[in-house]
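Undergrad: In the UniProt record's numbering, the protein residues as written are 1 to 104.
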Amino acid sequence: MRHALRFDEDCAFHCYRALEDIRQRYSDSSDSREASWEKLKSDLGIDREEFRAIEVEAIARRHGERAVSTHEERISWAKWTRKVVETYIARYPSKGYVLPRAST
1 MRHALRFDED CAFHCYRALE DIRQRYSDSS DSREASWEKL KSDLGIDREE FRAIEVEAIA
61 RRHGERAVST HEERISWAKW TRKVVETYIA RYPSKGYVLP RAST
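(1) Find out if the Cβ-Cβ distance for the pair F13, R61 is shorter than 9 Å.
(2) To the nearest angstrom, how far is it from the Cα of H3 to the Cα of K41?
(3) What ranges does the alpha helix (DSSP H) occupy inside the stretch 10–76, keeping only unbroken runs of at least 4 residues that lie completely in it?
(4) Determine the burial state of R66: buried for a count of at least 16 other Cβ atoms within 10 Å of its Cβ, exposed for fewer.
(5) What residue from I89, Y26, A90 and V84 has the CA that sits closest to Y16's CA?
(6) When the Cα atoms are used, what is the spatial distance from V56 to Y92?
(7) Just to confirm, is the Cβ distance from S36 to S27 under 9 Å?
(8) When you compare only the Cα positions, how much space is there between I89 and V68?
Structural data, given as structure tokens:
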């Protein structure tokens, strides 16, 4: 998340990476990508559509395209992503609770 604010044009990419990392915690070997998103959405109470604008720009940046979002949009994305991360962390305290993870 620190990089999302530090590197303005790459904000969406860094927000996307944070959200994708959390999504991976909801996936096991038999789950599809959509199934893990559904688990994440249900568990944390977020709407995947909120994520779509971040995802579109992150993929474009990953392929070398120029960012088309405004500074205000990027700040909004960083704040929204931070809330999702904070919700995830608050929901799973470290003492005695095993985070949902992909099975190995």
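For glycine and all other residues, C-beta sits at the position ideal for the given N, C-alpha and C. Small disclaimer: the values here were computed from a predicted structure and weren't measured.
TA: On the basis of the data shown:
(1) yes
(2) Any answer about H3 is weak, because its pLDDT of 48 lies below 50 and its placement is not dependable; what the coordinates show is given next. Distance between the alpha carbons of H3 and K41 is about 24 Å.
(3) With a minimum length of 4 residues, the continuous alpha helix (DSSP H) runs that stay inside the stretch 10–76 are 11–24, 33–44 and 48–62.
(4) exposed
(5) V84
(6) 29 Å
(7) yes
(8) 31 Å
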